[in-house]
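Protein chains in written order, with the working numbering: chain A, 1151 to 1375; chain B, 1151 to 1375; chain C, 1151 to 1375; chain D, 1151 to 1375.
A virtual CB, placed ideally from N, CA and C, is assigned to each residue, including glycine.
Comments concern the structure below.
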DNA sequence: CATGAATGAGGATTCATTCAT
DNA sequence: GATGAATGAATCCTCATTCAT
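Here you go:
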């Protein structure tokens, strides 16, 4: 329910009509994400955002209190798309290994779709004052939690070694992010599909127990064959 | 020999005395890295840099043509400390697996020492115009090359699986960087030593052949025992 | 119709309301002409212009893209007052000699009214980049053309000798300008009226044919008597 | 004796050796005239002047107290070349009409030789504070005096009409200056020789008495024939 | 005498933010 | 609610001038 673009998150609007707030923020954020991603936060002016959103500069300040607020909203919209996609990809899957694979795949796919925005999140989170940055981190932790849960399930099922879940989660998350962060180079080495495949293979070797391995290979055969 | 802080790299100074240029640039860059790391590039004024370096604002422009030049120099100084430390850590080691371990360890150690600066590099490379960014990327590629070489040696020696070297290199590099990028969270989970240890264990599982494993365990025992 | 102060001339404003643009530019230019004339272009700051115009410094940049643009606009406003006054003075006159006299007189009168501004035009045209200077020169050529036409008419009517029209036009134009350029000295020798009278007498001797002379004297008598 | 480049004129040097002062100022002024003429006073930095003169920036301040001092010296050096050339051209001539012609010719020739510098004088005299500008004006008045004297002699000899000498002198002087000021256009109409010839013809018609005319024609024939 | 590195005040320009319409 | 003109603080950069060597 707070996944709608323009959801509130402590950012106060001066306009009361909630539906309007949501719609306007949606416009604003979409433009902001695009511009911030390409030109960076500081190189983008509020006028730029207003122009691209097809509204006046003044209007923005009725839905946001700061330029930094726009950044916050923009970053949250990115992070929330992560939080959205992963559960959607797991829908209906119950096997731990399948869920693990699906989660990684989904994460990489969103990152690929919002590549520029992902880079933006890395670049610009620090541009936020501490309290607003907190919100971003909470959001990231929440997403990580979903990955971590998949991992924990695999371990609990004896399919993976008993590794430090949170540390490995960072490896997995970072793997997804890297597709965006290092895209300038990776795109010359392989496509998204191969990237994910090689990654999963790597993680399989790193994590699976013999039992896990057997299932993993069975899964692979049933997919291929 | 162009690793000295303040090395030239296309950035032209108006002062001819080379020793002075090196010294002054050293001062300027040190202050810049510190300030940029904490406040970000755009929030830091040239006056800030000058004040912290104990020089006048005007002086900076005798050693640099732009504020962006200061950023370039700052980033290069970070990347060059990587390029410096890794070979130093490999000095005298000939065993591929030892070299591999030492390289990862060294990389993580530099990142730890220059944690803020590493974050800076992630945040601010995009603030540079394309041509200057090129220099940064070249530098990064070079560092990656050193890791990749260690990896390739292990594979060639039959100690590791025949993986896609460059892709895995990115995993390794990213692992080191993450210590800085996610330090706000990781520091609550473990110290650098444990981080590296768990990482190496993870990579060992992911990469080693049976032959590699035997040697790896022997190494571990000789270190521990 | 493009004689209004603030007429557009390739100088782009960021404000769309045309009437406002005209009004604001009028304010800005008036202040700029005054200040530039007294202190020179380089000694005058945009803040000075803003203060005198009763607006903020930032506002100026919504109507002008450069400080040089302000100069361009200022110079054009001066040159356009020339282009305006001369035809106005010739209105209703059909006799070539009368038109000639009226044109010179009008020119000298405008120069006298905008003495400082005329000096400004001489001093500062070269401070403009080539392309903008072009605009100034075009404007000057146009004004000269009006004087030249009067001269040519007199020649065609057999009232003046067949001299090189453009060269002599420069003499006439220069004569008018000199009243401003050398005012520091001329004002001690005579008033504007006498300056014009002596000038016309000089040019009459230099240019009139016997036929021209007869008419010239008749004109003088009818004016005096 | 104060025609030497670098003559003192109230401008105090910190160096005592007079010969050296003269030499150094010569170097400095030559570079300054060149640079100021092309780029204008404000666009030229002291460093520019120093570089072109092949000296250090600091050195200039040992021979001059101000950047404005450099301008003053530069302008004086131009005006003094006028004061120099005219008497030189009159040397040995005693006939008033010949002297008149020679003076105009000489003036135009110097202006032609130092065209850029002449424009500089027009542009930049106002950039000087009042007291230093005084020096320039005195110098100009002195030069005008030489032209005025030639004119007065012609009148006294009954060769020219009894016009207001100083006013007409301004016409003559202005005629010479115009060759520089309007050179961008005039050069397309004629060369210096023709410019002078047409000018002299114009002035002849404007000024000569019948007696003067007869001699003027005789002079022309003897030159031509 | 000469050098040229260092200073720091000064000014053009940008842009987040406000507010009258 | 929306607009966009106006503000003015903030910052980069230049350059005349000084002074230690």
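Problem - For residue 1285 of chain C, the three-state DSSP class (helix, strand or coil) - result: Looking up residue 1285 of chain C in the third chain gives position 135. DSSP places residue 1285 of chain C in helix when its eight states are reduced to three.
Practice task
Please determine, among C:1188, C:1284, C:1321 and C:1311, the residue with the shortest C-alpha to C-alpha distance to residue 1297 of chain C.
Solution key: Translated into the one-based positions of the third chain, residue 1297 of chain C becomes position 147. Of C:1188, C:1284, C:1321 and C:1311, the residue nearest in Cα terms is C:1321.
Handout entry: Three-pair Cβ contact test at 8 angstroms for the segment 1284–1300 of chain C versus the segment 1211–1221 of chain C
Key = no
Practice task
Could you tell me the distance, in whole angstroms, from the CA atom of residue 1254 of chain A to the CA atom of residue 1166 of chain A?
Solution key: On the first chain, residue 1254 of chain A is found 104 positions in, with the first residue counted as 1. On the first chain, residue 1166 of chain A is found 16 positions in, with the first residue counted as 1. Each residue's alpha carbon lies about 40 angstroms from the other.
Exercise for the section: Using the DSSP secondary-structure output, state which residues sit across from residue 1310 of chain D in a beta bridge. Expected result: Indexing the fourth chain from 1 puts residue 1310 of chain D at position 160. Residue 1310 of chain D pairs with D:1358.
Handout entry: Sequence-distant residues of the same chain with beta carbon closer than 7 angstroms to residue 1157 of chain B, five excluded per side
Key = Walking along the second chain from the start, residue 1157 of chain B turns up at place 7. Any reading at residue 1157 of chain B needs caution, since the residue's pLDDT is 44, under 50, leaving its predicted position unreliable; the model's value is listed next. Within the same chain, residue 1157 of chain B has no close Cβ partners at all.
Exercise for the section: Using only the heavy atoms of the ligand NAP, determine whether one of them is closer than 7 angstroms to the beta carbon of residue 1224 of chain C. Expected result: Here there are no bound small molecules, and the ligand NAP is not part of this structure.
Handout entry: DSSP state of residue 1347 of chain A mapped onto helix, strand, coil
Key = Here residue 1347 of chain A refers to the residue found at position 197 when the first chain is read from its first residue. Helix at residue 1347 of chain A.
Handout entry: the segment 1292–1326 of chain B: positions lying closer than 8 angstroms to chain A by Cβ
Key = 1311, 1313, 1314, 1316, 1317, 1318, 1320, 1321, 1324 and 1325
Problem - Cβ shell of residue 1362 of chain A (< 6 angstroms), same chain only, five flanking positions each side left out - result: Working through the first chain from its first residue, we reach residue 1362 of chain A at position 212. Only 1309 and 1310 meet the Cβ criterion.
Problem - Selection from A:1305, A:1231 and A:1251 that minimises the alpha carbon distance to residue 1240 of chain A - result: Numbered from its first residue, the first chain carries residue 1240 of chain A at position 90. The residue with the shortest Cα to Cα distance from residue 1240 of chain A is A:1251.
Exercise for the section: With a 10 Å radius around its C-beta and 16 neighbouring C-beta atoms as the bar for buried, classify residue 1344 of chain B as buried or exposed. Expected result: Locating residue 1344 of chain B in the second chain gives position 194, counting from the first residue. Under this definition residue 1344 of chain B is an exposed residue.
Practice task
Would you decide whether residue 1263 of chain C is buried or exposed? Buried here means 16 or more other CB atoms lie within 10 Å of its CB.
Solution key: Start at 1 with the first residue of the third chain, and residue 1263 of chain C comes out as number 113. Per the 10 Å Cβ criterion, exposed.
Handout entry: residue 1238 of chain C versus residue 1325 of chain D: straight-line alpha-carbon distance, rounded
Key = Along the third chain, one-based indexing puts residue 1238 of chain C at 88. Along the fourth chain, one-based indexing puts residue 1325 of chain D at 175. When rounded, the distance between both Cα atoms is 28 angstroms.
Practice task
Using 10 angstroms around the beta-carbon of residue 1282 of chain D, count the other beta-carbons present and answer buried if the total reaches 16, otherwise exposed.
Solution key: By one-based count along the fourth chain, residue 1282 of chain D stands at place 132. Its Cβ being crowded by 16 or more others within 10 Å, residue 1282 of chain D is buried.
Practice task
With DSSP collapsed to three states, give me the class of residue 1322 of chain B.
Solution key: Position 172 of the second chain, counting from 1, holds the residue named residue 1322 of chain B. Three-state DSSP puts residue 1322 of chain B in a helix.
Exercise for the section: Check each candidate in A:1350, A:1332 and A:1317 and name the one with the smallest Cα separation from residue 1347 of chain B. Expected result: Counted from its first residue, the second chain places residue 1347 of chain B at position 197. Nearest of A:1350, A:1332 and A:1317 to residue 1347 of chain B, Cα basis: A:1317.
Problem - Backbone CA spacing between residue 1192 of chain B and residue 1192 of chain A [nearest angstrom] - result: If you number the second chain from 1, residue 1192 of chain B lands on position 42. If you number the first chain from 1, residue 1192 of chain A lands on position 42. Each residue's Cα considered, the two are about 7 angstroms apart.
Problem - Other residues of its chain near residue 1331 of chain A: CB distance less than 8 angstroms, five sequence neighbours each side excluded - result: Here residue 1331 of chain A is taken as the residue at index 181 of the first chain, counted from 1. Taken in chain order, the residues that qualify are 1268, 1269 and 1272.
Exercise for the section: List the residues of chain D whose Cβ lies closer than 8 angstroms to the Cβ of residue 1276 of chain C, in chain order. Expected result: Taking the third chain and counting its residues from 1, the one referred to as residue 1276 of chain C is at position 126. Near residue 1276 of chain C (Cβ distances below 8 angstroms), the residues of chain D are 1190, 1269 and 1273.
Handout entry: Segment limits, alpha helix (DSSP H) that includes residue 1237 of chain B
Key = One-based indexing of the second chain puts residue 1237 of chain B at position 87. Start and end: 1217–1240.
Problem - Residues, ordered as in the chain, of the segment 1324–1346 of chain C that lie near chain D by beta-carbon distance below 9 angstroms - result: 1324, 1325, 1327, 1328, 1331, 1332, 1334, 1335, 1336, 1339, 1340, 1344 and 1345
Problem - Backbone secondary structure at residue 1335 of chain A - three-state DSSP - result: The residue labelled residue 1335 of chain A in the question sits at position 185 within the first chain. In the structure shown, residue 1335 of chain A sits in a helix (DSSP, three-state: H, G or I).
Practice task
Going by CA-CA distance only, name the one from B:1299, B:1236, B:1169 and B:1176 that's closest to residue 1315 of chain B.
Solution key: For this step, residue 1315 of chain B is matched to residue 165 along the second chain. For residue 1315 of chain B, the nearest C-alpha among the options comes from B:1299.
Practice task
With distances taken Cα to Cα, identify the nearest neighbour of residue 1227 of chain C among C:1179, C:1342 and C:1210.
Solution key: The count along the third chain starts at 1 and reaches residue 1227 of chain C at position 77. The option with the nearest alpha carbon to residue 1227 of chain C is C:1179.
Problem - chain D residues whose Cβ lies nearer than 8 angstroms to that of residue 1355 of chain C - result: Numbered from its first residue, the third chain carries residue 1355 of chain C at position 205. Under the 8 angstroms cutoff, chain D gives 1311, 1355, 1356 and 1357.
Exercise for the section: Let me know if residue 1197 of chain B comes out buried or exposed under the rule of 16 or more other beta-carbons within 10 Å of its beta-carbon. Expected result: As a working mapping, residue 1197 of chain B is identified with position 47 in the second chain. Counting Cβ neighbours within 10 Å, residue 1197 of chain B comes out exposed, since fewer than 16 surround it.
Problem - Nearest-angstrom Cα separation, counted from residue 1319 of chain D out to residue 1301 of chain C - result: Taking the first residue of the third chain as position 1, residue 1301 of chain C is located at position 151. Taking the first residue of the fourth chain as position 1, residue 1319 of chain D is located at position 169. Approximately 23 angstroms, taken between the alpha carbons.
Handout entry: Reduced DSSP secondary structure (H/G/I, E/B, other) of residue 1245 of chain A
Key = The residue you call residue 1245 of chain A lines up with position 95 of the first chain. Three-state DSSP puts residue 1245 of chain A in coil, outside helix and strand.
Handout entry: DSSP three-state assignment for residue 1365 of chain D, whether helix, strand or coil
Key = Taking the first residue of the fourth chain as position 1, residue 1365 of chain D is located at position 215. In this structure, residue 1365 of chain D counts as helix in the three-state DSSP scheme.
Handout entry: At least 3 beta-carbon pairs within less than 8 angstroms: the segment 1166–1177 of chain A vs the segment 1203–1211 of chain A
Key = yes
Exercise for the section: Write down the C-beta distance between residue 1260 of chain A and residue 1224 of chain A rounded to the nearest angstrom, noting that I regard them as a contact closer than 8 angstroms. Expected result: Locating residue 1260 of chain A in the first chain gives position 110, where the first residue counts as 1. Locating residue 1224 of chain A in the first chain gives position 74, where the first residue counts as 1. 16 angstroms between Cβ atoms; not a contact.
Practice task
Confirm, please, whether the CB-CB distance from residue 1293 of chain C to residue 1232 of chain C is below 8 angstroms.
Solution key: Numbered from its first residue, the third chain carries residue 1232 of chain C at position 82. Numbered from its first residue, the third chain carries residue 1293 of chain C at position 143. Yes.
Handout entry: Where residue 1280 of chain C falls: helix, strand or coil (DSSP)
Key = Along the third chain, one-based indexing puts residue 1280 of chain C at 130. Reduced to three states, the DSSP call for residue 1280 of chain C is helix.
Handout entry: Host alpha helix (DSSP H) of residue 1201 of chain C (start-end)
Key = The residue you call residue 1201 of chain C lines up with position 51 of the third chain. Taken as a continuous stretch (DSSP letters only), the alpha helix (DSSP H) holding residue 1201 of chain C covers 1196–1203.
Handout entry: Which listed residue (C:1164, C:1372, C:1265 and C:1364) has its alpha carbon closest to that of residue 1188 of chain C
Key = On the third chain, residue 1188 of chain C is found 38 positions in, with the first residue counted as 1. Comparing Cα-Cα distances from residue 1188 of chain C to each of C:1164, C:1372, C:1265 and C:1364, the minimum goes to C:1265.
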